[in-house]
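For reference, the structure discussed in these notes is given below.
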Ligand SMILES: Nc1ncnc2c1ncn2[C@@H]1O[C@H](COP(=O)(O)OP(=O)(O)O)[C@@H](O)[C@H]1O
Ligand SMILES: [Mg+2]
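Residue numbers (the numbering used here): 3 to 335.
Here it is as structure tokens:
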């Protein structure tokens, strides 16, 4: 990265910035305010809008601006242009999370991407929640087995989190069921405001708890039930936009895999079978998600996943089945 054609930052201070106390203008009391609000890493501060830092911590706007600017300069990549080969190197070396289902991993180019948001959408019963439960377990697997050796933060908005599912899936992957449950931190979100707050709070413990995966199941249900009617659409989309960007920031700052679900209605007048659903989350969600997977039911417990939008993957389909043991490849006995 040292070779990249960076825009010269003035670099008044040659002092190396490692902890938040090293940031200019950050003394003991400011550092305490930052830490109390979970701003413990330079990376996270660097990608926080100064206004938000000021709002969250009570630090004055001018100081907040100075702090964020210094953090950005310290991590180096903000005012910098990068060559494609460097980005590619980072991309191929950034770990992927296995779904425990080969066909699904394949259409995702080797698993769920970290430093990105993957959206799973589909009608009721199509398997969104089952995939989420499975990922909450596979994230705990060793790296050699496609896991991230980390814990899962599970934001549950429809009260569909089931510990017994985690236990069963854990047994299949050879993880102690109780240990697996211990490594899933569930936050129940009662309404959209609460949901957004949970994600804002998460930065305070992501590092300490070794969180490597955030699930929001479902991303949209609270918003949809609270903002009904055309006149509320703009506000809803605006809030969803903020929420998605909060998630994206966490994902980038902490190298997380983020998976959100979105229930869509089956389109009754489905003429075009390749897109038989209406995407209710709207363009905001679609545009902020890096990769989008649609699910549909086939016969019995068979489901079809389709990568419908990705910056680098072709449109492809995978077939899997939902069983007692989670989601599995069809050919597995
Ligand atoms: N223990 C289990 N064994 C087998 N199938 C299950 C089990 N639990 C749930 N399922 C199946 O999973 C499907 C529901 O998937 P789910 O992920 O909850 O859908 P949604 O997309 O609405 O979140 C149902 O078809 C249900 O039969
Ligand atoms: Mg569900």
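For glycine and all other residues, C-beta sits at the position ideal for the given N, C-alpha and C.
- In this structure, residue 223 has its CB at a distance of at least 6 Å from all heavy atoms of ligand 1.
- Under DSSP, residue 201 shares a beta bridge with no residue.
- Counting only beta-carbon distances shorter than 5 Å to the non-hydrogen atoms of ligand 1, the qualifying residues in chain order are 126, 127, 128, 129, 130, 131, 132, 324 and 326.
- The residues 288, 291, 293 and 294, in chain order, have a CB closer than 8 Å to that of residue 311 in the same chain once the five nearest residues on each side in sequence are set aside.
- The way I'd put it, the region 300-318 does touch the region 90-109; three or more beta-carbon pairs between them come closer than 8 Å.
- CA-CA distance, residue 160 to residue 20, rounds to 41 Å.
- By the neighbour-count criterion, in which 16 or more other beta carbons inside 10 Å mark a residue as buried, residue 195 falls on the exposed side.
- Partner residues in a beta bridge of residue 68, as assigned by DSSP, do not exist.
- Under the three-state reduction of DSSP, residue 176 is assigned to coil, being neither helix nor strand.
- Of the heavy atoms belonging to ligand 2, none sits nearer than 6 Å to the Cβ of residue 253.
- Within the region 147-171, complete alpha helix (DSSP H) segments of at least 4 residues are not found at all.
- Rounded to whole angstroms, the Cβ separation of residue 153 and residue 185 is 4 Å, and the two are in contact under 8 Å.
- Annotation for residue 162 indicates a beta carbon within 6 Å of some heavy atom of ligand 2.
- Within the region 18-86, the complete alpha helix (DSSP H) segments at least 4 residues long are 30-38, 44-48, 52-59 and 63-77, listed from N- to C-terminus.
- Burial check for residue 264: the Cβ neighbour count within 10 Å reaches 16 or more, so the residue is buried.
- In this structure, residue 260 and residue 249 form a Cβ contact; the two beta carbons are roughly 5 Å apart against a cut-off of 8 Å.
- The straight-line gap separating the alpha-carbon atoms of residue 329 and residue 96 is approximately 24 Å.
- According to DSSP, residue 323 shares a beta bridge with 304 and 330.
- Close CB contacts of residue 162 within its chain, under the 7 Å cut and outside five residues either way in sequence, are with 131 and 219 (chain order).
- Under the criterion of beta carbons closer than 8 Å, residue 155 and residue 111 do not qualify as touching, at roughly 24 Å.
- Annotation for residue 130: the continuous alpha helix (DSSP H) segment containing it runs 130-140.
- Between residue 251 and residue 213, the alpha-carbon positions lie close to 14 Å from each other.
- A buried status is given to residue 135, since no fewer than 16 other beta-carbon atoms sit within 10 Å of its beta-carbon.
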